[in-house]
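Chemist: One structure, as structure tokens, below. Some questions next.
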Ligand SMILES: Cc1cc2nc3c(=O)[nH]c(=O)nc-3n(C[C@H](O)[C@H](O)[C@H](O)COP(=O)(O)OP(=O)(O)OC[C@H]3O[C@@H](n4cnc5c(N)ncnc54)[C@H](O)[C@@H]3O)c2cc1C
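Residue numbers (the working numbering): 3 to 513.
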């Protein structure tokens, strides 16, 4: 029988995706001594260097690698993230949260949303954020580690991290190399294919050095050096639904206590992110170049930051969409090489993690198995489409009337799948199973309710509960949340006491 085990896995790229792949692969294959994991990167080309907000899944990734979270937070100068705060999206001056927690708890077996909708229609319930502990902690600038469910479900929540992408790559590099990953610095100049199979066989570096492998992981960034340039896999463009095509990024000095959430602030032709780290603040403006010039975007960003700039604004053009196959022949792509969805819900790093799960869950073997690859490609495409729909929803529901970019977004036609989700929610308050694969019902509800959209319907079982009981339950929940928030330390106090950064605070050279 042919030995179908992988002998050599070669990763191209040493950004967040490359080092996440290196860590996950060496964790999986390191012990068998049969499979060698090599990472090649070009310091001359460098990394994209942004990507600072995450979703809670990042903590599972760290846990799987047995990385101590406190150590990681300290060495990546991280802060904690309980939610995303959307400012100005539902009209100038508006604010709502997408929290990492459920809203409320079921009452008499009926989910919170149904009786909240009834109470809201009667003018007897507060905005939905007020029933999610993580929103309220975020609003108050507080943070605490969640306690396991104590019977009061509304007091349970989850959290993610904000971190410095360059420090994360450095951290994972050191971890991976200690675990046995071979590291090569050099620029891949040529990708040589096998004449018969069409598989990638050898990478030729500047200077002539050759690297062979059975499986290649393309983490080379937007260009997709292997997956696209060598294998012409193709790209599905989604910019008709997500019209922003550029970002300008610029870190600045911190001038205020760190928020425990990512800020997403709507602007004239896109939105700005504010990500507080322990040693600086990450800022960026994601915008549509048909409505705003690069100079205008950079000027707007400069005006809006809280402290002196730590670098010049950096322009990052992008094309929203997904690679037609994440796995083509013996190349698996991850990170920016696999596609791009703007960082509105901080999903790119999560998608690297998800891609690795697909790969490692497929018992990758030396001789590619087409049926396995087709299955992974389909699942990956469906997952990206699900996340795309959730992002498109933000633009579609915006209420910034009279601004050309936003008017266009509100009037655009959306993917068929999203149109179905919106219709079902408006009519029934329910979600299709495929629509809640990653973003759960509570996430969709946060967005719909945040934009002031309530379903026409609530479950008739709500009418079996006396209205006074519903109002009492809502009041109890608000009081429980308020008392928990009052007792929690500020985010800054929590960090100082538990996980202060090992990285010096950054100061602008002209300060
Ligand atoms: C504006 C913006 C904001 C973002 N914000 C977020 C966010 O908040 N949250 C989130 O989860 N994600 C975010 N992302 C996405 C995130 O930055 C990326 O998913 C992540 O950094 C992974 O990048 P990467 O490793 O794929 O690519 P890169 O960082 O571009 O790394 C590419 C690597 O390939 C190497 N390379 C390229 N060509 C060669 C060659 N010929 N030979 C050898 N090596 C080569 C480079 O040297 C480099 O090491 C954002 C992205 C952008 C553009």
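Glycine is no exception: its CB is placed at the ideal position from the N, C-alpha and C atoms. None of these values were measured; they are calculated from a predicted model.
1) Quick test of your reading: residue 250 and residue 296, contact by CB under 8 Å. State the CB separation rounded to the nearest angstrom.
2) Count the other CB atoms, across all protein chains shown, that sit within 10 Å of the CB of residue 116; report buried if there are 16 or more and exposed otherwise.
3) From the DSSP output, read off the bridge partner residues of residue 275.
4) Name the residue from 323, 353, 280, 320 whose alpha carbon lies nearest to the alpha carbon of residue 494.
5) CB of residue 350 to nearest heavy atom of ligand 1: below 7 Å?
6) When you compare the CB positions of residue 406 and residue 293, do they come within less than 8 Å of one another, or not?
7) Between the C-alpha atoms of residue 197 and residue 204, what's the straight-line distance to the nearest angstrom?
8) Could you pull out every unbroken beta strand (DSSP E) segment of at least 3 residues lying fully inside the region 40-118, listed in chain order?
9) In the structure shown, what three-state DSSP assignment does residue 295 receive?
10) Apart from the five residues on each side of it in sequence, which residues of its chain come closer than 7 Å, Cβ to Cβ, to residue 416?
11) When the Cα atoms are used, what is the spatial distance from residue 37 to residue 209?
12) Is the separation between the beta-carbon of residue 368 and that of residue 510 shorter than 8 Å?
13) Where in the region 290-372 do unbroken runs of the beta strand (DSSP E), each at least 3 residues long, occur, reported from the N-terminal end onward?
14) Let me know the secondary structure DSSP gives residue 464 once reduced to three states.
15) List the residues that DSSP assigns as beta-bridge partners of residue 238.
16) Would you kindly check if the distance between the Cβ of residue 28 and the Cβ of residue 182 is under 8 Å?
17) Within the continuous alpha helix (DSSP H) that includes residue 453, where are the two ends?
18) Start and end of the beta strand (DSSP E) containing residue 204?
19) CB of residue 190 to nearest heavy atom of ligand 2: below 7 Å?
20) In or out: residue 200 buried (at least 16 other Cβ within 10 Å) or exposed?
21) Which term fits residue 12, buried or exposed, when burial requires 16 or more other beta carbons within 10 angstroms of its beta carbon?
22) Is residue 456 near residue 123, with beta carbons less than 8 Å apart?
23) Whole angstroms is fine: what's the gap from residue 351's alpha carbon to residue 467's?
24) Nearest to residue 53 by alpha carbon, out of 140, 85, 110, 164?
25) So who's on the other strand from residue 10, going by DSSP bridges?
26) Kindly indicate which residue of 379, 223, 168 has the alpha-carbon position closest to the one of residue 318.
27) Taking 7 Å as the line, does the beta carbon of residue 310 fall inside it for any heavy atom of ligand 1?
28) Using the beta-carbon count (16 or more within 10 Å), is residue 380 buried or exposed?
29) Counting only the same chain and skipping the five closest in sequence on each side, list residues whose C-beta sits under 7 Å from that of residue 487.
30) In the DSSP assignment, find the unbroken beta strand (DSSP E) run with residue 251 in it and report its ends.
31) Answer with buried or exposed for residue 284, where buried requires no fewer than 16 other C-beta atoms within 10 angstroms of its C-beta.
32) Can you check DSSP and say which residues form a bridge with residue 218?
33) Please work out which residues of its chain come closer than 8 Å, Cβ to Cβ, to residue 177, disregarding the five sequence neighbours upstream and downstream, and give them in chain order.
Modeler: Per the coordinate set shown:
1) So it is a contact: roughly 7 Å between Cβ atoms.
2) Buried.
3) Per DSSP, 266, 286.
4) The alpha carbon of residue 494 has as its nearest neighbour, out of 323, 353, 280, 320, the alpha carbon of 280.
5) Yes, since a heavy atom of ligand 1 falls inside the 7 Å radius drawn around the Cβ of residue 350.
6) In this structure, residue 293 lies closer than 8 Å to residue 406 by Cβ.
7) Computed Cα separation, rounded: 12 Å.
8) Runs of the beta strand (DSSP E) inside the region 40-118: 81-83, 85-89, 97-101.
9) Three-state DSSP puts residue 295 in coil, outside helix and strand.
10) Once the five neighbours on either side are set aside, the close Cβ partners of residue 416 are 243, 394, 398.
11) In a straight line, the C-alpha of residue 37 is about 26 Å away from that of residue 209.
12) The Cβ atoms of residue 368 and residue 510 do not sit closer than 8 Å to each other.
13) With a minimum length of 3 residues, the continuous beta strand (DSSP E) runs that stay inside the region 290-372 are 316-319, 323-325, 333-335.
14) Under the three-state reduction of DSSP output, residue 464 falls in the helix class.
15) In the DSSP output, where bridge partners are listed per residue, residue 238 has 324.
16) It is a contact, given that the beta carbons lie within the stated cut-off.
17) No alpha helix (DSSP H) holds residue 453; DSSP gives it neither H nor E.
18) Here the beta strand (DSSP E) through residue 204 covers 202-207.
19) For the structure depicted, ligand 2 is absent and the ligand set comprises only ligand 1.
20) By the Cβ neighbour-count rule, residue 200 is exposed, with fewer than 16 other Cβ atoms within 10 Å of its own.
21) So residue 12 ends up on the buried side.
22) Yes, Cβ-Cβ distance for residue 456 and residue 123 is below 8 Å.
23) One C-alpha to the other measures close to 44 Å.
24) Closest option to residue 53, Cα to Cα, is 164.
25) BP columns for residue 10 point to 38.
26) The residue with the shortest Cα to Cα distance from residue 318 is 223.
27) Answer for residue 310: no, Cβ out of range of ligand 1.
28) It counts as exposed.
29) Hits under 7 Å: 138, 139, 142, 144.
30) Taken as a continuous stretch (DSSP letters only), the beta strand (DSSP E) holding residue 251 covers 248-251.
31) Residue 284 comes out buried.
32) Paired residue(s): 12, 333.
33) 25, 67, 69, listed in sequence order.
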